[in-house]
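This report concerns only the one structure given below.
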Amino acid sequence: MMKNYIAPSLLSADKNDLKNEILKVEKLGAEWIHWDVMDGIFVPNKSYTPEQVQEYAKCHKMVNDVHIMVQDPKKWAPIFADAGADLVTFHLEAVDFCPKCTAKVINDLHAKNCKAGISIKPATNVKTCFPWLDKVDLVLVMSVEPGKGGQAFIPSALKKIKKLRKYIDKHNLNCLIEVDGGINAETGAKCRKAGADILVAGSYIYGHDDVKERMESLR
Ligand code: DX5
Ligand code: ZN
3 MMKNYIAPSL
13 LSADKNDLKN
23 EILKVEKLGA
33 EWIHWDVMDG
43 IFVPNKSYTP
53 EQVQEYAKCH
63 KMVNDVHIMV
73 QDPKKWAPIF
83 ADAGADLVTF
93 HLEAVDFCPK
103 CTAKVINDLH
113 AKNCKAGISI
123 KPATNVKTCF
133 PWLDKVDLVL
143 VMSVEPGKGG
153 QAFIPSALKK
163 IKKLRKYIDK
173 HNLNCLIEVD
183 GGINAETGAK
193 CRKAGADILV
203 AGSYIYGHDD
213 VKERMESLR
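In this text, residue positions in the sequence shown follow our numbering: the first is 3, and each later residue adds one.
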């Protein structure tokens, strides 16, 4: 059964009012909350730390969905699991597509009772994900170049979502499909139609007065 979840990205939230920003979307029905972690190496910017995740992970009941855009997921994935992440998603590019390293990050997360996700950047072939779909809980398709919010949706993500949906359904796997970057009512609808379970949206949701209507438009 496909899910129909929304994961607001805190990258576009008011960092000085994080608790209220989190509670606001929870009250409006968001099932997941998306933490974008950047190390200044894998992507040029820096963002949330394990301390921040830890501080706010338990002030709500949504799934703490932690997307780590970092060069060293082997080191950071377990740290974010300990900080209260329910799911940690790392990039296959960050481990250079090394099967041994990928398996280690996934196993370390599962050993901590944390769900594991893999992600690919827009230029990466979706086939690189296939060998992992029976081992992970989620696959995250980046529909913008990771690093910052507010960019335009890259349409080739739709083809990737369709291929993943087909593979997951054919093999009867439990892996969820998430899409992240440039999501609004129009691109969100296309992603749902292509087979995405979870829509991440940052700048479309945060920083506006009509958050309720915007979230409803993503359903
Ligand atoms: C991009 C991040 C996204 C981003 C989405 O590096 O992974 O989660 O915040 O932002 P919008 O929705 O503004 O494209
Ligand atoms: Zn993200």
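Ideal Cβ positions, reconstructed from N, Cα and C, are used throughout, including at glycine.
Is K117 near D88, with beta carbons less than 8 Å apart? It is a contact, given that the beta carbons lie within the stated cut-off.
So V68 and F82 are in contact, right, with Cβ under 8 Å, and what is the actual spacing, rounded? Yes, V68 and F82 are in contact; Cβ-Cβ is about 5 Å, under 8 Å.
Those runs of the beta strand (DSSP E) which lie wholly inside the region 20 to 92 and span at least 3 residues: As summarised for the region 20 to 92, the continuous beta strand (DSSP E) elements at least 3 residues long and confined to that stretch are 34 to 40, 65 to 71, given in chain order.
Runs of beta strand (DSSP E) wholly within the region 130 to 203 (minimum 3 residues, chain order): The region 130 to 203 contains these whole beta strand (DSSP E) runs: 140 to 144, 178 to 182, 200 to 203.
Out of curiosity, what's the CA-to-CA distance linking E180 and K5? Each residue's alpha carbon lies about 10 Å from the other.
Going by CA-CA distance only, name the one from Y208, L160, I108, Q73 that's closest to T189. It is L160.
Within 10 angstroms of the Cβ of G2, are there 16 or more other Cβ atoms? Answer buried if so, exposed if not. This structure gives no information on residue 2, because the portion of the chain shown stretches from 3 to 221.
My guess is that V39 and V72 are in contact by the Cβ rule of under 8 Å, so how many angstroms apart are they, rounded? Yes, V39 and V72 are in contact; Cβ-Cβ is about 6 Å, under 8 Å.
DSSP three-state call for I108: helix, strand or coil? In the displayed model, I108 falls within a helix according to three-state DSSP.
Identify the residues that DSSP records as bridge partners of I207: which are they? Partner(s): none; I207 has no beta bridge.
Between which two residues does the alpha helix (DSSP H) holding S219 run? Per DSSP, the continuous alpha helix (DSSP H) segment holding S219 begins and ends at 213 to 219.
Straight-line CA distance for G42 to V138? Straight-line Cα distance between these residues: approximately 26 Å.
Could you tell me if D199 is buried or exposed, where buried requires 16 or more neighbouring beta carbons within 10 angstroms of its beta carbon? Under this definition D199 is a buried residue.
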